[in-house]
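Residue numbers (full-length UniProt numbering), protein chains in the order written: chain A, 1 to 66; chain B, 1 to 66; chain C, 1 to 66; chain D, 1 to 66; chain E, 1 to 66; chain F, 1 to 66.
Just so you know, even glycine gets a beta-carbon here, dropped at the ideal spot from N, CA and C.
Structure first, then comments.
Protein chains: 6
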Amino acid sequence: MPYVNIKITKEGATAEQKQQLIQGVTQLLVDVLNKNPATTVVTIDEVDTDNWGIGGVQVTELRKNK
Amino acid sequence: MPYVNIKITKEGATAEQKQQLIQGVTQLLVDVLNKNPATTVVTIDEVDTDNWGIGGVQVTELRKNK
Amino acid sequence: MPYVNIKITKEGATAEQKQQLIQGVTQLLVDVLNKNPATTVVTIDEVDTDNWGIGGVQVTELRKNK
Amino acid sequence: MPYVNIKITKEGATAEQKQQLIQGVTQLLVDVLNKNPATTVVTIDEVDTDNWGIGGVQVTELRKNK
Amino acid sequence: MPYVNIKITKEGATAEQKQQLIQGVTQLLVDVLNKNPATTVVTIDEVDTDNWGIGGVQVTELRKNK
Amino acid sequence: MPYVNIKITKEGATAEQKQQLIQGVTQLLVDVLNKNPATTVVTIDEVDTDNWGIGGVQVTELRKNK
């Protein structure tokens, strides 16, 4: 039944890594709250680095200064 | 005034179908709660099948096994 | 598979009305996109009128001026 | 037309402060993108400090250690 | 940097269980994508069972029939 | 600590404008609630005009009739 939304910056996460996130979160909800995986929905939003800010600065800029 | 977000997998929903979803949800809120359609906002997120998991498995994989 | 989130102001929607919204949205997704109701998740957020603004004004204030 | 959701921890924001957030965000969207305030929707979610984590720790615990 | 939102039905999750969810998701993002836990934000929404539907039916009703 | 999500229609917002939105919202949260900008996360979703409806009509159609 749970619904989990994971937002990450769009920086090359592979299909395999996204499968690991989906599997890991679903298993976590089984382990901690005994939730039914069959109705656990996980979605991943990959957000452009121009569209993500922290500390008032776009990640695109933060990456340049790194 | 209501805000509705519909998340579906990105599997070819047409502009016409999305119009039907928008219209249908807006009308539903009029019928059930007498909400003002003029300020009812509906957004549709189409999510890549690698980025959607159910039962701990990516929809991309589920579709292959179907 | 779809996930729908409906945000409305907290102004007395009954359990029955919320059931109608859940049923109506689920049926709409069957009718328009042939989605499987068994894995269609709908959540309703009821938001305090102090916490909802339109036109830059809290709904609490808008209701007073109505 | 924009929809803005602000999530903050539930730590006593007053109605007046929430009005300032709604007004400020709406005005910002006018100033930057010339958006129509009449259809700009802002909602504020106040999240319990047990339900908010950063660095893997609940804010409730972080506040204790502050 | 990631932001994760976990929606579960409001059915008695303890503070300790919520801490485990926050810690588990944060660690998962470190393990899979090497994300910085210090800026990983996790929020948990606990949704009333009248406000959560699956298969077109409120969880409140599903629980009764279980 | 706050998390802000701004949804706008995908109609050509520039990187500079998105930086202004991120900066403006972060500063607003400092000014009104004295929040720490270093852990304030802002994400911007740009939504296709076919996928955004108001008054039951897709923005794509509204733009044509304007």
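Query	Result
Can you tell me which of I44(F), V25(F) and V32(F) puts its alpha carbon nearest to the alpha carbon of D31(D)?	V25(F)
With a 10 Å radius around its C-beta and 16 neighbouring C-beta atoms as the bar for buried, classify T43(C) as buried or exposed.	buried
Going by DSSP, which residues form a beta bridge with T9(B)?	V47(B)
Please tell me whether N5(A) has its Cβ less than 7 Å away from any Cβ of chain F.	no
By the three-class DSSP mapping on this structure, what secondary structure does G24(B) have?	helix
Between G56(C) and Q23(D), which are expected to be in contact by the criterion C-beta below 8 Å, what is the C-beta distance as a whole number of angstroms?	5 Å
For D50(C), which residues in the same chain have their Cβ closer than 7 Å to its Cβ, ignoring the five residues on either side in sequence?	Q58 and T60
Can you give me the Cβ contacts of G53(D) inside the same chain, cut-off strictly under 8 Å, excluding the 5 residues immediately before and after it?	V59
Hey, out of I6(C), N65(C) and K64(C), whose CA is closest to L29(B)'s CA?	I6(C)
Excluding sequence positions up to five away, which residues of its chain have a Cβ less than 7 Å from the Cβ of P2(B)?	L29, K35 and T40
If we cut at 7 Å on Cβ distances, does V32(F) have a partner in chain D?	yes
Drop a sphere of 10 angstroms on the beta-carbon of T9(D), count the other beta-carbons inside from all chains shown, and report buried for 16 or more, exposed for fewer.	buried
Which residues in the same chain as L33(A) place their Cβ atom closer than 8 Å to its Cβ, once the five residues preceding and following it in sequence are excluded?	P2
What are the boundary residues of the alpha helix (DSSP H) that N65(A) is part of?	V59 to N65
Taking Cβ-Cβ distances shorter than 8 Å, what residues in chain E pair up with N51(D)?	K18, T43, I44, D45 and E46
In chain E, what lies closer than 9 Å to I8(D) by C-beta?	Those do not exist, as I8(D) stays about 10 Å from chain E at its closest Cβ, beyond 9 Å.
The beta strand (DSSP E) that contains G53(B), what's its start and end?	W52 to I54
P37(D) to D45(C), Cα distance in whole Å?	23 Å
Kindly say whether P2(E), judged by its beta-carbon, lies nearer than 7 Å to any beta-carbon of chain A.	yes
Quick one: what's got a C-beta closer than 7 Å to D48(A)'s C-beta in the same chain, skipping five residues either side?	K10
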